[in-house]
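Asks: Sharing a structure with you now.
2 protein chains.
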Amino acid sequence: MPGPAQNETFPAIVEAQGAPGPVLLVCEHASNAIPAEYGTLGLGEDLRQAHIAWDPGALGLARGLARRLGAGLVHAPVSRLVYDCNRPPDAAGAMAERSEMHPVPGNAGLTAAARARRVAAVYLPFHDALHAEIARRLTLGPAPVIVTIHSFTPVWFGVPRAVEFGVIHDADPRLAEAVLGEARATLGLTCEMNAPYSAADDVTHTLKLQALPYGLLNVMLELRNDLIATEAAQEDMADRLAPVLARAVARLRG
Amino acid sequence: MPGPAQNETFPAIVEAQGAPGPVLLVCEHASNAIPAEYGTLGLGEDLRQAHIAWDPGALGLARGLARRLGAGLVHAPVSRLVYDCNRPPDAAGAMAERSEMHPVPGNAGLTAAARARRVAAVYLPFHDALHAEIARRLTLGPAPVIVTIHSFTPVWFGVPRAVEFGVIHDADPRLAEAVLGEARATLGLTCEMNAPYSAADDVTHTLKLQALPYGLLNVMLELRNDLIATEAAQEDMADRLAPVLARAVARLRG
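So the sequence lines, in the order shown, correspond to chains V and Z.
Following our numbering, the residues of the first sequence are numbered contiguously, the last one being 304.
Following our numbering, the residues of the second sequence are numbered contiguously, the last one being 304.
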């Protein structure tokens, strides 16, 4: 019987490529799928469904935003437990041996060759496809506005989080400031800048790699996942968030 | 008779991948080759051999440095007149209609589709391959030190240039400052910082795209091309420049 294919790659999925708007939504943690060659990573079904494997609700929210904004969408097809596409290859969190309080047995003591294979199978195909879509939009115009969509768990290491909507930036805060201003005025959620994480926690790799080199407007958005737990809630949140994003972009691009 | 292949791509060439040293040399303007589907771009043989098409001497110097430093080398297989891999897709200079005082007829009035095809054929395959090599080194360690190798013409728009060795940085000047210090002490050339160009002239795209997102030490080096016009001169310059680079890297990495 042949062994698993060692050279299979998992490129990012590009949706709504012909959408007319400038926004390009990115969802690095869209999926909790673990390709067959990685088994279960030693985790039970409950943990493979939990926030350590993906950002629950983020893809549904991103699709709702894409439809309302006429935006494109690029998302990862593989769980961040295999490779977290929002981390560089030398980060401990790229192929985490532990996530929150949970050990990930299938990531313990990976050889250099195994790490390199995951980089080649997941990280590079994700970022190559995102880069190609950004380059295509730069060539044809208008320059894309990069908005990454994430969700976070209401309880972290046993402590409840009060923030409901987090707006995170790296070196270029322009869009984050505009989004936070619009959100605080109209969204009716507890909104904070650079919470529950910030660039200092190494969560802005995609912004650094894909947006800053081109001077593109960019921001990372974080929704508390209990607010987008069902399809209906995702649609409702997209209804509320789409105009916030549209006004913030219009304020900066005219 | 079939027409030219429209989907042919021209990935960067990776040499000395197993080299033990931390330096990764990059030569975006290594070649003056124009793939058959682009004809001559409307230029005579003299201009296709001139500095507008490539950086004469840069690849020979880079190979000499790679051998002496145990460095890897990534270089472009196609003339910058087809696509300048050190420019983003929305830069006028990416597919220049004019270079110095010379019009480039084959680049005049390109359609959006033609521009997108060159981005997909030349720009993305170059940067994907460079990115893969950087990611591979980040995964296996040590983190690479990015050194791009360029040459410039002694006379620009009729004006002679006095500078012989230019050291150029983007947002992170650490390696540039170390190289310039070592060069002024030992190289015996007229050395300048951010000359004959600087980041303000949009010449640091590769550094922004490939080195800054990972916090890698990086610098762009420019040699006046009359100093590296022959193989013997390239070897001699590599003899002089390799210890300068080695000492600068050692100063920062210990």
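All C-beta atoms, glycine included, are put in the ideal place defined by N, C-alpha and C.
Could you work out which residue in V:Leu97, V:Ala86, V:Val64 is closest to Arg76 (chain V) when comparing CA atoms only?
Replies: Strictly speaking, residue 76 (chain V) in this sequence is Val, with Arg absent from that position. Ranking V:Leu97, V:Ala86, V:Val64 by Cα distance to Val76 (chain V) puts V:Val64 first.
Asks: Contact between the segment 223-231 of chain Z and the segment 234-247 of chain V: three or more CB pairs below 8 Å?
Replies: The segment 223-231 of chain Z vs the segment 234-247 of chain V: no contact.
Asks: Which same chain residues end up closer than 6 Å to Ala112 (chain Z) when comparing Cβ atoms and leaving out the 5 residues on each side of it in sequence?
Replies: Only Leu75, Cys77, Leu123, Ile199 meet the Cβ criterion.
Asks: Spell out whether any CB of chain Z is found under 7 Å from the CB atom of Tyr264 (chain V).
Replies: Interface residue, yes.
Asks: Would you say Val132 (chain V) lies against chain Z (beta-carbon separation less than 7 Å)?
Replies: Not one chain Z Cβ lies under 7 Å of Val132 (chain V).
Asks: For the segment 170-199 of chain Z, list every residue whose C-beta sits within 8 Å of some C-beta in chain V, in sequence order.
Replies: Under the 8 Å Cβ criterion, the segment 170-199 of chain Z contributes Ala170, Tyr173, Leu174, His177, Asp178, His181, Ala182, Ala185, Arg186, Leu188, Thr189, Leu190, Gly191, Ala193.
Asks: Whole angstroms is fine: what's the gap from Ala62 (chain V)'s alpha carbon to Glu281 (chain V)'s?
Replies: Rounded to whole angstroms, Ala62 (chain V) to Glu281 (chain V) spans 23 Å at the Cα level.
Asks: Are the C-beta of Arg165 (chain Z) and some C-beta of chain V separated by less than 7 Å?
Replies: It does; some Cβ of chain V falls within 7 Å.
Asks: Please confirm if Asp251 (chain V) has its CB atom under 7 Å from at least one CB of chain Z.
Replies: Asp251 (chain V) does not count as touching chain Z.
Asks: Evaluate Phe207 (chain V) with the Cβ neighbour count: other Cβ atoms within 10 Å of its Cβ, from every protein chain shown; 16 or more gives buried, anything less gives exposed.
Replies: Its Cβ having fewer than 16 others within 10 Å, Phe207 (chain V) is exposed.
Asks: By Cβ distance, which residues of its chain are closer than 6 Å to Val169 (chain V), with the 5 residues on each side in sequence left out?
Replies: So the qualifying residues of the chain are Pro139.
Asks: For Arg148 (chain V), name the three-state secondary structure that DSSP assigns.
Replies: Reduced to three states, the DSSP call for Arg148 (chain V) is strand.
Asks: Residues in its own chain within less than 6 Å of Ala158 (chain V) by CB, not counting five upstream and five downstream?
Replies: The answer, listed in chain order, is Glu147.
Asks: Taking just the CA atoms, how far does Pro72 (chain Z) sit from Leu291 (chain Z)?
Replies: Answer to the nearest angstrom: the Cα atoms are 16 Å apart.
Asks: Can you confirm whether Leu277 (chain V), when its beta carbon is compared against all beta carbons of chain Z, has any partner nearer than 7 Å?
Replies: Chain Z contact via Cβ: absent.
Asks: Please report the straight-line C-alpha distance between Leu302 (chain Z) and Ala221 (chain V), rounded to a whole angstrom.
Replies: If you take the alpha carbons of Leu302 (chain Z) and Ala221 (chain V), they lie about 24 Å apart.
Asks: CB-CB under 8 Å to Gly89 (chain Z), same chain, minus the five flanking residues each way: which ones, in chain order?
Replies: Excluding positions up to five away in sequence, the list reads Gly156.
Asks: Within its chain, find whatever has a CB closer than 7 Å to the CB of Met145 (chain V); leave out the 5 residues flanking it on each side and keep chain order.
Replies: For Met145 (chain V), where only same-chain residues beyond five positions count, the Cβ hits under 7 Å are Tyr133, Asn157, Leu160, Arg165, Arg168.
Asks: Considering only residues of the same chain and omitting the five flanking positions on each side of Val195 (chain V), which have a CB-CB separation below 6 Å?
Replies: Hits under 6 Å: Pro72, Val73, Leu267, Val299.
Asks: Kindly say whether Asp220 (chain V), judged by its beta-carbon, lies nearer than 7 Å to any beta-carbon of chain Z.
Replies: Asp220 (chain V) does not count as touching chain Z.
Asks: Do the segment 203-219 of chain Z and the segment 242-257 of chain Z make contact, defined as three or more Cβ pairs closer than 8 Å?
Replies: Output reads yes: the segment 242-257 of chain Z touches the segment 203-219 of chain Z.
Asks: Let me check understanding here. Comparing Cα to Cα, which of Z:Leu188, Z:Glu272, Z:Glu150, Z:Val128 lies closest to Phe176 (chain Z)?
Replies: Checked all of Z:Leu188, Z:Glu272, Z:Glu150, Z:Val128; the closest Cα to Phe176 (chain Z) is Z:Val128.
Asks: Using a C-beta cutoff of 7 Å, does Ala142 (chain V) count as contacting chain Z?
Replies: With 7 Å as the cut-off, Ala142 (chain V) does not count as an interface residue toward chain Z.
Asks: Ignoring anything shorter than 4 residues, give me the alpha helix (DSSP H) runs that lie fully in the segment 148-226 of chain V, in order along the chain.
Replies: Complete alpha helix (DSSP H) runs here, min 4: 162-168, 174-190.
Asks: Spatial neighbours of Leu262 (chain V) within its chain, please: CB distance less than 8 Å, with the 5 preceding and 5 following residues excluded, ordered by chain position.
Replies: Cβ neighbours of Leu262 (chain V) beyond the five flanking positions: Asp220, Ala221, Asp222, Asn268.
Asks: Per DSSP, which one or two residues make a beta bridge with Cys135 (chain Z)?
Replies: Paired residue(s): none; Cys135 (chain Z) is not in a bridge.
Asks: Tell me which same chain residues have a C-beta within less than 7 Å of the C-beta of Ala235 (chain V), skipping the five on either side of it?
Replies: Once the five neighbours on either side are set aside, Ala235 (chain V) has no close Cβ partner at all.
Asks: Taking only beta-carbon atoms, is Ala48 (chain Z) less than 7 Å away from chain V?
Replies: Examination of residue 48 (chain Z) is not possible in this model, given that chain Z is present from 51 through 304 alone.
Asks: For chain V, find out if any of its Cβ atoms is closer than 7 Å to the Cβ of Pro138 (chain Z); answer yes or no.
Replies: Cβ-Cβ to chain V under 7 Å: yes for Pro138 (chain Z).
Asks: Looking only at C-alpha atoms, which of Z:Pro204, Z:Asn57, Z:Leu174 sits nearest to Ala86 (chain Z)?
Replies: Measuring from the Cα of Ala86 (chain Z), the nearest candidate turns out to be Z:Asn57.
Asks: Figure out for me which residue from V:Glu214, V:Asn244, V:His152 has the closest Cα to the Cα of Leu91 (chain V).
Replies: Among V:Glu214, V:Asn244, V:His152, the Cα nearest to that of Leu91 (chain V) belongs to V:His152.
Asks: Do Asn136 (chain Z) and Trp104 (chain Z) have their C-beta atoms closer together than 7 Å?
Replies: In this structure, Trp104 (chain Z) does not lie closer than 7 Å to Asn136 (chain Z) by Cβ.
Asks: Using 10 angstroms around the beta-carbon of Pro210 (chain V), count the other beta-carbons present and answer buried if the total reaches 16, otherwise exposed.
Replies: Exposed is the call here.
Asks: Please list the terminal residues of the continuous alpha helix (DSSP H) segment that includes Leu109 (chain Z).
Replies: Where Leu109 (chain Z) is concerned, the enclosing alpha helix (DSSP H) stretches over 108-119.
Asks: With H, G and I counted as helix, E and B as strand and the rest as coil, what does DSSP make of Met51 (chain Z)?
Replies: A caution first: Met51 (chain Z) carries a pLDDT of 41, below 50, which makes its placement in the model unreliable, though a value can still be read off. Looking at Met51 (chain Z) - three-state DSSP - the assignment turns out to be coil, as it is neither helix nor strand.
Asks: Classify Gly265 (chain Z): buried if its beta carbon has 16 or more other beta carbons within 10 angstroms, exposed otherwise.
Replies: With fewer than 16 Cβ atoms within 10 Å of its Cβ, Gly265 (chain Z) is classed as exposed.
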